[in-house]
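Trainee: Next up is a structure, given as structure tokens.
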Amino acid sequence: MDEVVDKNGTVTYSYQMLEDGIRNMAKQLPASATEISAVAEAAGQLGIQTPNVLSFSRTMIDMGESTNMSSETAATSLARFANITKMRQTDFDKLGSSIVDLGNNFATTESDITEMALRLGGAGSQIGLSQADIVGLSAALSSVGIEAEMGGSAFSKVMVNMKVATETGLDKVKALEKATGMTRRELELLANHDSDSFKAIAIDMGLTTTELNKMLNAGKNLEGFSKVAGMTGEEFKQAFEKDAVGAIGAFVNGLGNAEKHGTSAIELLDEMGFSEVRLRDSLLRAGNASELFGNAVQTSNKAWKENSALTNEATKRYKTFDSQLKIF
Numbered sequence: 001m002d003e004v005v006d007k008n009g010t011v012t013y014s015y016q017m018l019e020d021g022i023r024n025m026a027k028q029l030p031a032s033a034t035e036i037s038a039v040a041e042a043a044g045q046l047g048i049q050t051p052n053v054l055s056f057s058r059t060m061i062d063m064g065e066s067t068n069m070s071s072e073t074a075a076t077s078l079a080r081f082a083n084i085t086k087m088r089q090t091d092f093d094k095l096g097s098s099i100v101d102l103g104n105n106f107a108t109t110e111s112d113i114t115e116m117a118l119r120l121g122g123a124g125s126q127i128g129l130s131q132a133d134i135v136g137l138s139a140a141l142s143s144v145g146i147e148a149e150m151g152g153s154a155f156s157k158v159m160v161n162m163k164v165a166t167e168t169g170l171d172k173v174k175a176l177e178k179a180t181g182m183t184r185r186e187l188e189l190l191a192n193h194d195s196d197s198f199k200a201i202a203i204d205m206g207l208t209t210t211e212l213n214k215m216l217n218a219g220k221n222l223e224g225f226s227k228v229a230g231m232t233g234e235e236f237k238q239a240f241e242k243d244a245v246g247a248i249g250a251f252v253n254g255l256g257n258a259e260k261h262g263t264s265a266i267e268l269l270d271e272m273g274f275s276e277v278r279l280r281d282s283l284l285r286a287g288n289a290s291e292l293f294g295n296a297v298q299t300s301n302k303a304w305k306e307n308s309a310l311t312n313e314a315t316k317r318y319k320t321f322d323s324q325l326k327i328f
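Counting in the UniProt record's numbering, the sequence shown runs from 1 upward without gaps.
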């Protein structure tokens with residue numbers, strides 16, 4: 001697109017403006033017009049709208065100077081994260097500030113935080129987390145050595161299960177128990193030992209057996225999540241709906257403190273059906289990061305709001321660059 005026009009036909013942004021902006025940026029930063037143009041070109045391919053290309057490019061050049069990611073890698077990764085979480089394209093500088101501040105204050109790197117955030121982005125958005133929340137959780141998890149591929153998948157599964165459990169596992173299960181005159185546990189036993197009777201109940205309720213089983217599993221998961229978090233099912237449901245990050249933190253904290261209450265985290269996870277080795281390992285490691293969760297999310301949200309960490313870090317790097325030029 002050569003230019004952007006408003007409804008009156010007035011040019012509000014043109015290719016020439018973009019070209020001039022790139023040249024001006026090259027005079028201010030230790031990056032050539034060619035390097036900046038490469039990021040700007042990538043921005044277009046990544047779906048960045050024309051009026052946002054310059055600010056996006058500046059943020060990615062800053063990220064390349066301030067983190068262990070190149071400008072091109074930062075551009076690709078952060079644009080993907082924005083697409084996954086439906087982030088506004090005017091918020092890339094805020095996202096960069098959160099990532100940089102977390103990288104400076106926790107035992108992890110900006111690239112590890114970003115990789116984890118890409119894995120958590122879909123599930124995190126699904127349960128109502130903000131981009132800053134997701135990045136904060138990513139820093140907490142990666143800082144205890146949880147790898148993005150394994151840990152991101154594990155935690156995404158937990159977050160989605162929590163959402164389903166809180167939406168379905170309390171009120172709908174109570175209504176089911178009242179309608180059938182059976183407890184959830186009795187219905188579970190029926191499903192395992194008398195499939196015909198279980199199917200008949202499902203039909204009476206206007207459900208398939210798969211739907212009925214999912215409802216029962218949601219009730220079981222809610223019981224498990226709330227038990228680990230030290231709450232009743234009602235309390236956990238309210239906590240999750242009001243503050244999903246806090247509820248996740250309470251669950252992780254419960255895993256970390258399980259032995260203080262005379263049980264083991266492994267036993268608790270087994271009871272919930274989280275028996276897959278990789279999933280369980282990630283959750284056990286997360287238990288060791290329980291004290292980091294609140295701090296990381298708070299740090300991320302503060303950095304997002306202040307929106308200065310990336311600029312400050314980049315300015316330091318550019319000053320070093322200027323001083324090196326003076327030496328030569």
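Heads up, the beta-carbon is just placed ideally off N, CA and C, and yes, glycines get one too.
Between S275 and K157, what straight-line distance do the alpha-carbon atoms span, to the nearest angstrom?
Mentor: 13 Å
Trainee: Would you mind giving the Cβ-Cβ distance between G219 and G169, rounded to the nearest angstrom? I have them listed as a contact below 8 Å.
Mentor: 4 Å
Trainee: With distance defined between alpha-carbon atoms, name the residue in M159, E223, D101 nearest to R184.
Mentor: That would be E223, whose Cα lies nearest to the Cα of R184.
Trainee: Look at the alpha carbon of K86 and the alpha carbon of S77, and state the distance between them as a whole number of angstroms.
Mentor: 14 Å
Trainee: Nearest by alpha-carbon distance to S138: which of E234, I61, I248 is it?
Mentor: I248
Trainee: Decide if S323 is buried, meaning its Cβ has at least 16 other Cβ atoms within 10 Å, or exposed.
Mentor: Summary for S323: the model assigns pLDDT 47, below 50, so the residue's position carries little reliability, and this model does not support an answer.
Trainee: Closer than 8 Å is the cut-off here; do at least three beta carbon pairs connect the stretch 291-309 with the stretch 169-183?
Mentor: no
Trainee: For residue 332, which three-state DSSP category applies?
Mentor: Nothing in the structure corresponds to residue 332, since the chain is present only between 1 and 328.
Trainee: Considering only their Cβ atoms, is the gap separating L310 from G287 smaller than 7 Å?
Mentor: no
Trainee: Of the choices M63, A43, Q28, whose alpha-carbon is the least far from that of S308?
Mentor: When each option's Cα is compared against that of S308, the closest is M63.
Trainee: If the criterion is Cβ atoms closer than 7 Å, does the pair L18 and A154 meet it?
Mentor: no
Trainee: For the alpha helix (DSSP H) holding G144, just list the boundary residues, first then last.
Mentor: Here residue 144 turns out to be Val, not Gly, going by the sequence shown. Where V144 is concerned, there is no enclosing alpha helix (DSSP H), given that its DSSP letter is neither H nor E.
Trainee: So, using beta-carbon positions, are V252 and D133 closer together than 7 Å?
Mentor: no
Trainee: Tell me where the alpha helix (DSSP H) around G124 begins and ends.
Mentor: 110-126
Trainee: Please confirm whether N161 and S111 have their CB atoms less than 7 Å apart.
Mentor: no
Trainee: If you reduce the DSSP assignment to three classes, tell me which class residue 357 lands in.
Mentor: Residue 357 cannot be examined here, being either before or after the span of the chain that is shown, 1 to 328.
Trainee: Note down, one range per segment and in chain order, each alpha helix (DSSP H) of at least 4 residues found wholly within the stretch 260-308.
Mentor: Under the rule that a run must span 4 or more residues, the alpha helix (DSSP H) segments found entirely inside the stretch 260-308 read 265-271, 277-287, 290-306.
Trainee: From R317 to S66, what does the alpha carbon distance come to, in whole angstroms?
Mentor: 7 Å
Trainee: In this structure, does DSSP put I48 in helix, strand or coil?
Mentor: coil
Trainee: On the DSSP letters alone, give me the boundaries of the alpha helix (DSSP H) that G249 sits inside.
Mentor: 244-256
Trainee: Since A31 contacts I61 with CB under 8 Å, what's their CB separation in whole angstroms?
Mentor: 5 Å
Trainee: Return the residue from the list E306, A314, A296, K260 that minimises the CA-CA distance to A140.
Mentor: A296
Trainee: Please report the distance separating the alpha-carbon of R58 from that of K319.
Mentor: Computed Cα separation, rounded: 17 Å.
Trainee: Start and end of the alpha helix (DSSP H) containing D196?
Mentor: 195-204
Trainee: Considering only their Cβ atoms, is the gap separating T166 from F240 smaller than 7 Å?
Mentor: yes
Trainee: Which of helix, strand or coil does DSSP assign to N24?
Mentor: helix
Trainee: Just to check my reading of the structure: residue 353 and I99 have Cβ atoms closer than 8 Å, yes? What is that Cβ distance to the nearest angstrom?
Mentor: A question about residue 353 goes unanswered here, because the residues of the chain that appear run from 1 up to 328.
Trainee: Below 8 Å on the Cβ atoms is my contact criterion, and I expect L29 with A75 to pass it. Report the Cβ-Cβ distance as a whole number of Å.
Mentor: Not a contact, Cβ separation roughly 15 Å.
Trainee: Could you check the C-alpha separation between N24 and E211 for me, to the nearest Å?
Mentor: 60 Å
Trainee: Hey, quick one: how far does the alpha helix (DSSP H) through T210 stretch, first residue to last?
Mentor: From DSSP, the alpha helix (DSSP H) with T210 extends over 209-229.
Trainee: Taking only the alpha-carbon atoms, compute the straight-line gap between G151 and D281 and give it to the nearest angstrom.
Mentor: 9 Å
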